[in-house]
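*Asks:*
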Amino acid sequence: MARFYSFDGIDGAGKSTQLQLFCDFLRQRGEEVIVCRDPGSTELGEKIRAIVLHADDSVSIGPRSEMLLYMAARAQLVDEVIRPALATGKTVVSDRFLLANVVYQGYGGGLDVSQLWQVGQVATDGLAPDLTFLLDMPEELAAARLGDKLDRMESRGAEFRQRLRAGFLAEAEKNDKIVVVAADRAIEEIQGEIRRAVDD
Ligand code: ADP
Numbered sequence: 004m005a006r007f008y009s010f011d012g013i014d015g016a017g018k019s020t021q022l023q024l025f026c027d028f029l030r031q032r033g034e035e036v037i038v039c040r041d042p043g044s045t046e047l048g049e050k051i052r053a054i055v056l057h058a059d060d061s062v063s064i065g066p067r068s069e070m071l072l073y074m075a076a077r078a079q080l081v082d083e084v085i086r087p088a089l090a091t092g093k094t095v096v097s098d099r100f101l102l103a104n105v106v107y108q109g110y111g112g113g114l115d116v117s118q119l120w121q122v123g124q125v126a127t128d129g130l131a132p133d134l135t136f137l138l139d140m141p142e143e144l145a146a147a148r149l150g151d152k153l154d155r156m157e158s159r160g161a162e163f164r165q166r167l168r169a170g171f172l173a174e175a176e177k178n179d180k181i182v183v184v185a186a187d188r189a190i191e192e193i194q195g196e197i198r199r200a201v202d203d
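The sequence shown maps to residues 4 to 203 in my numbering.
1. Below 8 Å CB to CB, which residues in the same chain sit around Ala189 once its five sequence neighbours on both sides are set aside?
2. Give me the residue from Phe171, Glu46, Asp115 with the minimum Cα distance to Leu140.
3. So Leu29 and Thr94 are supposed to be a Cβ contact under 8 Å. How far apart are they, rounded?
4. Should Gly112 be counted as a contact of ligand 1 given a C-beta to heavy atom distance under 7 Å?
5. Just grab the DSSP bridge partners of Ala200 for me.
6. Is it right to say Pro66 is buried, meaning 16 or more other beta carbons lie within 10 angstroms of its own, or is it exposed?
7. Look up Ala16 in the DSSP assignment and give the residues it is bridged to.
8. I'd like to know whether the C-beta atoms of Ala173 and Val183 end up nearer to each other than 8 Å.
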């Protein structure tokens, strides 16, 4: 059966690293894997990504507008990439999904968390990952891994990133499809835990 996985967590926690190893694993098992990133992976989504993550400060983006830009990118991603892939039996692995929007704009930005999930329902047309791997670690260690490579959202400071981490963990508490993986460990050890979670 076609499966949909996502990876999430604060920047620097190792999402991209673990996602790539996970795709290798799935392909070795004979699955056809489509990788995408949210926001992104469609023409519209990449344009929106450039606006929300790399906009210069001369463009004013209010919190609700920002949230809806992310939602629009995701709606396009679902329709153009994820649903068609799942419909043809492929496995989809996404670098972030709706959860990140809820955490960054809700816990980080102060928008109402349950409203974000509601708008997300519309944007995703009800499609949710079968499993989300939440890579969790102290924000100062994640930031140290990245050095000065933090993007517009993540460059808002340590206090902001701590709220993000707490938000991710709070959502994981409420949702058993979110698997919390301690990310402050060796790469292979983390990957081993992710692979075992899939087999379970
Ligand atoms: P993210 O996609 O979550 O921002 P990355 O996978 O890009 O994180 O990793 C951020 C940085 O940390 C990269 O330089 C990567 O090589 C390094 N890294 C990833 N996982 C680990 C790990 N388990 N231990 C040490 N360094 C790591």
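We put the beta carbon where it would ideally sit given N, CA and C, even for glycine.
*Replies:* In short:
1. Here the set comprises nothing.
2. Sequence inspection shows Met at residue 140; the Leu mentioned does not correspond to that position. Taking only the C-alpha atoms, the option nearest Met140 is Phe171.
3. Rounded to whole angstroms, the Cβ separation of Leu29 and Thr94 is 6 Å, and the two are in contact under 8 Å.
4. no
5. Looking at the DSSP output, Ala200 shares a beta bridge with no other residue.
6. exposed
7. Answer is none; Ala16 lacks a bridge partner.
8. no
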